[in-house]
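Each residue of the sequence shown is one higher than the one before, counting from 849 in my numbering. Built from N, CA and C at the ideal position, the CB exists for glycine as well. Notes to accompany the following structure.
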Amino acid sequence: MSLTHLWHVVRRAGDWPLLTCGLGFVLLLAATALSAAEEPPRTEDSAKPASSLAARVEHLNILRERVAQLQNQQGQYDPGLLNAMNGLSEALISVGEFREANDVVEQQIQILRVTDGLYTDGQIALVHRQLSIMAAQRNWLGMEDRLLYLSWLLERSSTLSDSERISNIKVMRDWTRLLLSRGPRQQEAAYLFQLRDLEESALAMARETNATPAVVQAMLYDHALTEFYIALGIVDSSDTSRQLINRTEGTPANNLRPIQRMTSVQDIEATYGARTSTVVERAHRAAMMRHYVLIKELESTLLPADKEAGDLASADPEAAAMMQLYLGDSVLLRQQYELRIGAMAGPDRGQSSTGSANSYYQRAWDLLLQAGYSADLLNRAFSCPTLLPLPTFSSHLETTGDACDPTGDQRIEVPAAALVHNGIPGLRFQAMPGSSLMSQAAGISATLSFSLGVNGQADRMQVLAAEPDSTAARIRGRDSLQGLQFRPALQNGRAVRTENVTMTLFSLEPG
């Protein structure tokens, strides 16, 4: 599927917040190893591209000779080489010579280590460049090493401001998201914990520096999302699940003798560890409770300075309503991703109803009415199902999007999403670093028609189109949709079933 097609699919959905967060995977799908901005413009004269390429090669050779000459005159680690090497690395990147470019950048780092010290702030920008180069090479292990080195630089920095530190942590977070989506599957659990640690560090630093409530809100929500991703990994039937459970719950000691009978749940858990359904359920609930608590903490950032805890509904009923909405989403996600062991009917996961999340949605509805919204406006605003979790937190209701009629005959198109094949189910490919050097993520696309129950799960699925048009692509599209969770459409505060929903899913191969 072309980039133009993907752009129109996302744009037709009318959900601009999701579109903004989805731009990361659009860029990744579209970007080639060579930045389009660095290519000369195409002309009708076929001789011009050839002459331009020849000029670039000639310029590159001149830069190589210049650096070699300076090295012979001044030595390998003279600071006078840095400017010349900057030009050489940029020229190498522009023609796709990533290995040589990385070697040049590494030599720049070594020069700074020799002249200024082992861990200095001047190396940070060079490490960022190395990360972009390694992403283009799909050198995931090299990226892990560079991220670790970048963390050492930040820990030892004495000149970076607090905002610069937070900004660098967020850059590391974005690269870790890329590793989680495209790196080796056996490292998935490590990437999840690394992502959580980065979010915790950024949040703690923002609180220490008295950041604005809006900044703290965004960081709290990002931290909550990492806990949700861990919860998703726990219910996945893979090595990732066992690694996550052993890390969060601890590895149980098996004190049973070989001939001793297992007479209790504790005996079974001690024998089978993370493979036991009770352990999986307990670890999943614990992770989702951490997600819920972090969402709940957002309330303190919304309260005016002269108000006490519990007064948000009277001070700002709209913000209080949005809190109830996000808390309801957290409860719904916990319920619907719980396993149904041995279920012969109904959904494969979760339950067939909205469950206790419905009371949160009803409370949010009442508060929005109290805030001055009309029932008709709210019915239009919540008439479309919403893919969960929401990528960002907002304390205000968005009512400018296109409304949909869940009882009408026309199809309801929800925004496209991209997921990684054989990765954590429901983990979307979004908010990636926008480096123009990143290589393409190959995969398939499938457009599906389905109904959405009051539990927010898709059923009666039908594949309308797939690219490539093969049985495997259609099955993968269907499996990807089954792993997604929606907030159902709401009418008068209660969940309703939605028919004739369509969605395009991109299932990407890991790097």
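- Contact check for Met991 against Leu1046 fails: the beta carbons are separated by 8 Å or more.
- Under the Cβ criterion (8 Å, minimum of three pairs), the stretch 1167 to 1184 counts as touching the stretch 1207 to 1227.
- Straight-line measurement puts the Cα of Leu996 at about 15 Å from the Cα of Asn987.
- When the five nearest sequence neighbours on each side are left out, the beta carbons in the same chain lying within less than 8 Å of the beta carbon of Val1179 are those of Tyr1140, Gly1203, Ser1204, Ala1205 and Tyr1208, in order along the chain.
- At the C-beta level, Ala1054 and Val1064 come within 8 Å of one another.
- Leu1312 and Thr1346 do not touch by the CB rule: their CB atoms are close to 17 Å apart, not below 8 Å.
- Contact check for Ile1078 against Ser1049 fails: the beta carbons are separated by 8 Å or more.
- When Cβ pairs closer than 8 Å are counted between the two stretches, the stretch 971 to 985 is seen to touch the stretch 948 to 956, the count reaching three or more.
- Bridge partners of Gln1199 according to DSSP: none are assigned.
- Under DSSP, Arg1324 forms no beta bridge with any residue.
- Per DSSP, reduced to three states, the secondary structure at Glu1246 is coil, with no helix or strand assignment.
- When the five nearest sequence neighbours on each side are left out, the beta carbons in the same chain lying within less than 7 Å of the beta carbon of Arg1197 are those of Gln1184, Tyr1185, Glu1186, Leu1187 and Arg1188, in order along the chain.
- Between Thr1074 and Leu1043, the gap from beta carbon to beta carbon is short of 8 Å.
- Nearest neighbour of Arg1021 by Cα position, chosen from Ala1052, Pro1281, Asp1084 and Ala1320, turns out to be Pro1281.
- When the alpha-carbon of Thr963 is set against those of Leu1235, Ala983 and Gly923, the nearest one is in Gly923.
- Along the stretch 1138 to 1216, the alpha helix (DSSP H) occurs as fully enclosed runs of 4 or more residues at 1160 to 1163 and 1165 to 1184, listed in sequence order.
- Of Leu1051, Glu1246, Leu1236 and Arg1211, the smallest CA-CA separation from Arg1228 is found for Glu1246.
- Between the stretch 1157 to 1171 and the stretch 1316 to 1330 there are fewer than three C-beta pairs closer than 8 Å, too few to call the two in contact.
- For the pair Arg1276 and Leu1267, the CB atoms are nearer than the 8 Å cut-off.
- For the pair Ala984 and Phe946, the CB atoms are nearer than the 8 Å cut-off.
- Note on Ile1093: 16 or more other CB atoms within 10 angstroms of its CB, so buried under the neighbour-count rule.
- The three-state secondary structure of Ser1086, taken from DSSP, is coil.
- When only Cα atoms are considered, Arg1130 and Arg1095 end up about 13 Å apart.
- When the Cα atoms are used, Gly1081 and Asp1070 turn out to be separated by approximately 17 Å.
- Note on geometry: alpha-carbon atoms of Val1262 and Cys1232 lie some 8 Å from one another.
- Listed as beta-bridge partners of Ile1292 by DSSP are Ser1355.
- Arg1033 places its beta carbon less than 8 Å from that of Asn1270.
- In this structure, Pro1061 is the residue among Pro1061, Phe1230 and Glu913 with its C-alpha nearest to the C-alpha of Leu1146.
- Note that the C-beta distance between Ala1264 and Ile1292 is not below 8 Å.
- Within the stretch 1036 to 1097, there are no complete beta strand (DSSP E) runs of at least 3 residues.
- Counting along the chain, Asp964 sits inside the alpha helix (DSSP H) bounded by residues Phe946 to Asp964.
- The beta carbon of Gly970 sits closer than 8 Å to those of Leu960 and Asp964, all from its chain and outside the five residues before and after it, given in chain order.
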